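In mature numbering (1 follows the signal peptide of the UniProt record, and there is no 0), the protein residues as written are -35 to -1, 1 to 396.
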């Protein structure tokens, strides 16, 4: 009799525990709470089984364990009917306190449902950055500015005071433009209308004219004394008398910014160098590059000038040529000069970075222009054209590109149509 009574009490305890678990599940308790209740159930069951076994001995060891396991499973996983019944009871129950009635069903709904009904926090869209060119900056640089640059060693942008303009990304380039290649949407513009010397970015137009002419790329061309730089007295690894194919010269001009290679390409163009420069300007005009002017195929002359907006147009057009894309992004290339093999490397270190997917690029530098870089790169599922002019510091143009990439990667992918204008700091214009 004593054993049967304890057995009945044991079953009542388990039924009560199952009811408590069903109530907890209806209230939306999480899995950790259920696990804790399950562990407590196992302890209670173990103690009850031991108490039932000791005096009566009518419950065998195997049957006690089986009953305990079944009860624990029932407590940890109550039936759908039990849960539904408990939920209905809670929804209809009312608690009277100080004359007011509070419906438990409205208060004790599951936490998951409450989270689902909570309004999602809106993520701020990418806000385009637009820094206007300060008033007083001439659209066409004058001879006075060129003389001042030569005397002081300052770039045109520094003389104009463009480096005093601030932007949210703290770019070191005084001029910058980032544009969606497919939609032409400008997401970043800083002094993008300023006309400045573009240095070896000129070679991108040089390459475009050569490719358009469809001249034989396997034709041998010999470097002559006419190709030696007398403008800046820059050095070259292509000695006078070296013979390379037109394709090799184009490769070195785009990848390594080889001045003698670019000059030889223009010199051997049908009609000569002047005809070549005329075609460069005609193509710029045809593309709508109204702020652009070319005087040589190398960019060594500071009268090779353009704006960031015009250069974005050029990059977009040049990208249509697979040969220009391939040669400009080539990490390195070896050519045979006489009896020796000479290795040339890309002037843009980003083409060797696994973090970048660059489809086209060109660097440039002379004192008057500062450090320059144009690129086409794929980022966050979109293709962007990036222009950086008049950057200070040897690696600052690449660092600016990295700043823009991180900014785009952190921002939501849906771009807002609202343009934010960032007011630049006070600018002192030096004439």
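Even glycine gets a Cβ: it sits at the ideal position worked out from N, Cα and C. All values derive from a computational prediction rather than experimental measurement.
Pair within 8 Å by beta-carbon distance, residue i and residue j
i           : j           : result
residue 356 : residue 336 : yes
residue 327 : residue 339 : yes
residue 312 : residue 221 : yes
residue 162 : residue 121 : yes
residue 134 : residue 157 : no
residue 137 : residue 358 : yes
residue 204 : residue 214 : no
residue 189 : residue 208 : no
residue 227 : residue 168 : yes
residue 410 : residue 329 : Limits of the chain in this structure are -35 at one end and 396 at the other, which puts residue 410 out of reach.
residue 140 : residue 124 : no
residue 307 : residue 300 : yes
residue 275 : residue 256 : yes
residue 397 : residue 127 : This structure cannot speak to residue 397, because the chain is shown only from -35 to 396.
residue 144 : residue 277 : yes
Cβ neighbours of residue i in the same chain (closer than 7 Å, five flanking residues each side left out)
i           : result
residue 174 : 241, 244, 245, 248
residue 196 : 265, 266
residue 202 : 307
residue 279 : 169, 170, 252, 254
Minimum C-alpha distance to residue i - residue among the options
i           : options            : result
residue 147 : 281, 359, 286, 308 : 281
residue 264 : 189, 170, 178      : 170
residue 183 : 261, 211, 277      : 211
residue 310 : 266, 297, 279      : 297
residue 219 : 117, 164, 123      : 164
residue 223 : 152, 283, 192, 237 : 192
residue 273 : 320, 172, 254, 368 : 254
residue 352 : 344, 362, 343      : 362
residue 318 : 271, 364, 270, 350 : 364
residue 152 : 116, 113, 94       : 94
residue 410 : 322, 292, 235, 185 : Only positions -35 to 396 of the chain appear in the structure, and residue 410 is not among them; the question remains open.
Nonlocal neighbours in the same chain, by C-beta distance under 6 Å from residue i, ignoring five residues either side
i           : result
residue 331 : 164
residue 286 : 176
residue 302 : 207
Own chain, CB closer than 8 Å to residue i, minus 5 neighbours either side, in chain order
i           : result
residue 259 : 167, 170, 242, 245, 246, 249, 269
Entirely within the segment 156 to 243 and at least 4 residues each: give me those alpha helix (DSSP H) ranges in chain order. 167 to 178, 211 to 220, 224 to 232
Can you list, in chain order, the stretches of the beta strand (DSSP E) that have 3 or more residues and sit fully within the segment 288 to 319? 297 to 302, 305 to 310
If you scan the segment 108 to 137 from start to end, which runs of the alpha helix (DSSP H) of 4 or more residues do you find wholly inside it? 108 to 117, 121 to 125
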